[in-house]
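In the order they appear, the protein sequences are chains A and D.
Counting in UniProt numbering, the first sequence tops out at residue 304, every number present.
Counting in UniProt numbering, the second sequence tops out at residue 304, every number present.
Protein chains: 2
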Amino acid sequence: MFEYPALFAVAAVVREGSFERAAHVLNITPSAVSQRIRLLEERIGAVLIVRGQPCTPTEEGRKICRHVERVAMLEQELRAVMPSLGGEEALESRITLPIATNADSLATWFLDAAMGAAKRQGFLLDLSVEDQDHTATGLRRGEVLAAVTTLEKPIPGCDSTPLGSLRYRATASPEFLERYFADGVNARTLAQAPGIVFGKKDTLQYQWVRRAVGHDVAFPTHWLPSTHGYVEVSLGGMGWGMNPALLVGSLLEKGALVELIPGLCVDVPLFWQARRLSSALLDELSGAVVKAARASLLWTGAGR
Amino acid sequence: MFEYPALFAVAAVVREGSFERAAHVLNITPSAVSQRIRLLEERIGAVLIVRGQPCTPTEEGRKICRHVERVAMLEQELRAVMPSLGGEEALESRITLPIATNADSLATWFLDAAMGAAKRQGFLLDLSVEDQDHTATGLRRGEVLAAVTTLEKPIPGCDSTPLGSLRYRATASPEFLERYFADGVNARTLAQAPGIVFGKKDTLQYQWVRRAVGHDVAFPTHWLPSTHGYVEVSLGGMGWGMNPALLVGSLLEKGALVELIPGLCVDVPLFWQARRLSSALLDELSGAVVKAARASLLWTGAGR
Numbered sequence: 001m002f003e004y005p006a007l008f009a010v011a012a013v014v015r016e017g018s019f020e021r022a023a024h025v026l027n028i029t030p031s032a033v034s035q036r037i038r039l040l041e042e043r044i045g046a047v048l049i050v051r052g053q054p055c056t057p058t059e060e061g062r063k064i065c066r067h068v069e070r071v072a073m074l075e076q077e078l079r080a081v082m083p084s085l086g087g088e089e090a091l092e093s094r095i096t097l098p099i100a101t102n103a104d105s106l107a108t109w110f111l112d113a114a115m116g117a118a119k120r121q122g123f124l125l126d127l128s129v130e131d132q133d134h135t136a137t138g139l140r141r142g143e144v145l146a147a148v149t150t151l152e153k154p155i156p157g158c159d160s161t162p163l164g165s166l167r168y169r170a171t172a173s174p175e176f177l178e179r180y181f182a183d184g185v186n187a188r189t190l191a192q193a194p195g196i197v198f199g200k201k202d203t204l205q206y207q208w209v210r211r212a213v214g215h216d217v218a219f220p221t222h223w224l225p226s227t228h229g230y231v232e233v234s235l236g237g238m239g240w241g242m243n244p245a246l247l248v249g250s251l252l253e254k255g256a257l258v259e260l261i262p263g264l265c266v267d268v269p270l271f272w273q274a275r276r277l278s279s280a281l282l283d284e285l286s287g288a289v290v291k292a293a294r295a296s297l298l299w300t301g302a303g304r
Numbered sequence: 001m002f003e004y005p006a007l008f009a010v011a012a013v014v015r016e017g018s019f020e021r022a023a024h025v026l027n028i029t030p031s032a033v034s035q036r037i038r039l040l041e042e043r044i045g046a047v048l049i050v051r052g053q054p055c056t057p058t059e060e061g062r063k064i065c066r067h068v069e070r071v072a073m074l075e076q077e078l079r080a081v082m083p084s085l086g087g088e089e090a091l092e093s094r095i096t097l098p099i100a101t102n103a104d105s106l107a108t109w110f111l112d113a114a115m116g117a118a119k120r121q122g123f124l125l126d127l128s129v130e131d132q133d134h135t136a137t138g139l140r141r142g143e144v145l146a147a148v149t150t151l152e153k154p155i156p157g158c159d160s161t162p163l164g165s166l167r168y169r170a171t172a173s174p175e176f177l178e179r180y181f182a183d184g185v186n187a188r189t190l191a192q193a194p195g196i197v198f199g200k201k202d203t204l205q206y207q208w209v210r211r212a213v214g215h216d217v218a219f220p221t222h223w224l225p226s227t228h229g230y231v232e233v234s235l236g237g238m239g240w241g242m243n244p245a246l247l248v249g250s251l252l253e254k255g256a257l258v259e260l261i262p263g264l265c266v267d268v269p270l271f272w273q274a275r276r277l278s279s280a281l282l283d284e285l286s287g288a289v290v291k292a293a294r295a296s297l298l299w300t301g302a303g304r
C-alpha cells in the first residue's frame with residue numbers, strides 16, 4: 001500500500017498551487033504538508049513538485065496526482081454506498097474531475113452539459129482549454145480524465161465516442177468583404193486580406209483556403225486566442241476568420257457577418273475520449289456530454 | 001551587420017509555426033528556409049528552432065525573433081517616409097506587433113482599442129492572453145512589445161503607464177446565494193459553497209475572502225479558464241466567482257446575478273508597459289489603449 005497522506009498532500013499542492021492553500025484544504029499545517037512531501041521525495045529519490053508560484057508537478061509528481069485523483073474518485077463512490085467507511089475530510093470529500101476541451105466547444109455546447117452533471121452529482125470540475133488537435137495530449141499524459149478532441153483513435157486505456165462535427169464558416173463583416181473581396185475570393189485577394197487565426201496550432205483557415213482555391217495562400221495574420229474576441233474582431237472588420245456556426249448563426253441571419261463563400265464550410269469531427277475507470281461520476285459526465293453534443297453538433301453518423 | 005535573410009527566416013518560421021508556411025510568406029522554397037536557418041545555427045553553434053508542430057523558438061531563437069520584429073518595425077516606419085528604399089516583400093511589409101493582455105481586459109475594454117489602432121495603421125496583432133500577474137513575464141523575456149499588466153514598476157527598457165483599475169464583484173445566481181448563503185457569508189458557509197477560480201495563478205477569490213472574513217478559507221473549487229464561460233457558470237448556479245463589473249453590470253441590474261456582499265469589491269490596478277522603441281506604430285497603439293482604459297476603468301488618479 002502506498003503512503004497515502006503524502007500522496008494526497010502532493011495532489012493537494014498541485015491542485016491548489018501552493019503549500020499554504022493545500023495545508024488549508026487538508027486541515028494540517030504548511031510545514032506538515034512540506035515534511036510529508038519532502039520525506040516522500042527523499043524515499044522515491046525524485047523531486048515531485050517544482051516549488052514556485054504556482055507550484056507545478058514534475059513528470060513523476062504528475063503520475064502521483066493522476067493516481068490520487070482516481071483513488072479519490074473511487075473512494076467517493078464506495079463511500080456513497082458504505083457511508084460508515086468515513087475517511088471524509090472536509091474538502092477531500094468533493095471530487096475534482098480534470099477535463100480538457102477546445103475553446104470553441106466550451107463557448108458553444110459543452111459548458112451547459114458539464115455544469116448540469118457537476119451540479120447533479122456534486123463533483124467539481126477542473127477544466128483546461130486546449131487547441132482541439134491537442135486536447136488528447138493531456139489525456140495521454142494522464143493529466144485529465146476525459147477530453148473533447150479531434151482524435152478518433154482511442155488513446156490506450158480510454159474509450160472514444162463520436163460527438164458529431166463542429167461546423168465552421170469563413171466570415172467577415174460586410175464592409176470587410178466589400179473592401180478586400182470586391183473582385184471575388186481568389187488567391188490574389190486572399191493574399192491581401194488580413195485573416196484572424198486563433199493560435200499557432202490552429203489550421204482551420206489553411207484548410208478552408210485550400211478548399212477555396214485548391215492550394216495554400218499565405219495571408220497577413222492577426223493572432224487572437226479568444227473565441228468571443230474572435231467574433232468581436234470579425235464584427236469589427238479587423239479580418240476574416242473561421243467562426244463556429246453555432247456562435248455566429250444569428251449574426252449571419254442579421255447580416256452583421258457574411259460568409260466569404262456562402263456554404264463553403266469546414267466541419268471538424270469531435271470525439272469524447274474518457275478513461276475506462278468504471279466510475280459512476282465520470283459515466284454521468286460522459287452521458288451528459290454526449291447527449292448535449294448530439295443535440296448541438298452536426299451528426300452524419302454514417303460509417304461510425 | 002547581421003545575416004538578415006537568415007534572421008528573417010527564423011522569425012517567419014516561429015511566427016507561422018512551420019517551415020512550409022514560412023517559405024510561402026518569404027516566397028522561397030522550404031528547403032531554402034531550412035538551409036538558411038541550419039547554416040545560421042551552425043555558425044552560432046546553437047539550435048534556434050525546436051522542429052515540431054508548431055515549430056517553437058529556443059531561448060536563443062527567441063532573442064533573434066525579438067531583434068527581427070524590432071528591425072522590421074523600424075524598417076516599416078522608414079519606408080513610410082522613404083518609399084524608394086523598397087525591400088518590401090509581399091507580406092514582410094505588414095508588421096506584426098506581439099502584445100500580451102489578461103483575459104478579462106480582452107473580454108471587456110481592450111480589444112476595441114487595439115483593433116481600432118491596427119485598422120488605422122495597418123499593422124497586425126499577435127495577441128497572447130496571460131494571467132494578469134504574469135503578462136509581465138513575456139515582456140521581460142522580450143516576447144511581446146507591450147502588455148496590460150498588474151506590475152507597476154517599469155521593466156528595464158519599458159515605460160509603465162497607469163490605466164486605472166478593473167473592478168471585480170463576488171457574484172452568484174440568486175438560487176445559489178439562497179442555497180449556500182441563507183445564513184450569511186461567513187467562514188463556515190464559504191467553506192461549503194463551490195467557488196469558481198479562473199486559473200492556478202488567479203488570487204482574486206482568496207483576496208476577496210480575506211477581505212470578507214478577515215482570514216483565508218479553503219472552499220470547493222471549480223477551475224474554468226474562460227471569461228465568458230465564467231459568467232455562464234455563475235448564471236447557471238455552479239458556483240460563485242469574481243466577475244469583472246464591466247461584464248456583469250447589466251446582469252446585476254436585472255437580478256440574474258447578485259453580489260455575495262453588496263459593494264465589497266476587489267479592484268485590480270492595471271498598467272500598460274511598452275518597450276521604449278521610438279516607434280510610431282507602437283506609440284499609436286499605446287495612445288489608443290490608454291485612452292480606452294481611462295474611459296472604461298476606475299480611475300482614482302491620486303498619487304499616480
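Just so you know, even glycine gets a beta-carbon here, dropped at the ideal spot from N, CA and C.
- The way I'd put it, the region 7 to 17 of chain A does touch the region 55 to 66 of chain A; three or more beta-carbon pairs between them come closer than 8 Å.
- Ser250(A) sits exposed, since fewer than 16 C-beta atoms from the chains shown fall within 10 Å of its C-beta.
- For the region 244 to 282 of chain D, the full-length alpha helix (DSSP H) segments reaching 4 residues or more read 245 to 254 along the chain.
- In the pairwise beta carbon analysis, the region 282 to 295 of chain A is classified as touching the region 156 to 166 of chain A: at least three pairs are separated by under 8 Å.
- Under the Cβ distance rule, Trp240(A) does not count among the residues neighbouring chain D, no pair being separated by less than 8 Å.
- A contact is defined here as three or more CB-CB pairs under 8 Å, and the region 100 to 116 of chain A fails this definition with respect to the region 31 to 50 of chain A.
- Proximity of chain D to Met73(A) at the Cβ level (cut-off 8 Å) is not reached, the minimal Cβ distance being about 15 Å.
- Taking one beta carbon from each stretch, the region 250 to 259 of chain A and the region 221 to 230 of chain A have fewer than 3 pairs nearer than 8 Å; the two do not touch.
- Below 8 Å, enough C-beta pairs join the region 179 to 187 of chain A and the region 210 to 229 of chain A to call them touching: three or more.
- Going by beta carbons, Cys65(A) and Arg169(A) fall outside the 8 Å limit.
- About 5 Å separates the beta carbon of Thr221(D) from that of Val197(D), a gap short enough to meet the 8 Å contact definition.
- Contact annotation for Asp104(A) against chain D: no contact, minimum CB-CB distance about 11 Å [criterion: below 9 Å].
- Setting aside the 5 residues that flank it on each side, Thr96(D) is surrounded in the same chain by Leu124 and Asp126, each with a C-beta closer than 6 Å to its C-beta; the list follows chain order.
- When 9 Å is used as the limit between beta carbons, Lys291(A) is near no residue of chain D, the shortest such separation being about 17 Å.
- At least one C-beta of chain D is nearer than 8 Å to the C-beta of Trp223(A).
- Under the Cβ distance rule, Asp159(D) does not count among the residues neighbouring chain A, no pair being separated by less than 8 Å.
- Between Ala218(A) and Arg21(D), the C-beta spacing is below 8 Å.
- A distance below 6 Å between beta-carbons, with the five flanking residues on each side excluded, links Leu7(A) to the following residues of its chain, in chain order: Ile64 and Val68.
- For Val197(D), DSSP records a beta bridge to Trp223(D).
- A Cβ of chain D is located within less than 8 Å of the beta carbon of Glu232(A).
- Chain D has no Cβ within less than 8 Å of the Cβ of Asp183(A).
- Checking the DSSP bridge columns, you'll see Val148(A) partnered with Trp272(A).
- The beta carbon of Asp267(A) lies closer than 7 Å to those of Ser165, Arg167 and Leu298 in the same chain, with the five residues before and after it left out.
- For Gly17(A), the C-beta contacts it makes with chain D under 7 Å involve Lys200, in order along the chain.
- Contact of Arg21(A) with chain D is assigned, a C-beta pair being separated by under 8 Å.
- The C-beta of Pro54(D) comes closer than 8 Å to at least one C-beta of chain A.
- Within a 10 Å sphere around the beta-carbon of Asp202(D) sit 16 or more other beta-carbons, which makes this residue buried.
- In the DSSP annotation of this structure, the continuous segment of the beta strand (DSSP E) that includes Thr101(A) starts and ends at Thr96 to Thr101.
- Its Cα nearest to that of Met242(D), the residue Leu204(D) stands out among Leu204(D), Asp183(D) and Pro98(D).
- The C-beta separation of Ser160(A) from Phe271(A) comes to about 5 Å, placing the pair in contact by the 8 Å criterion.
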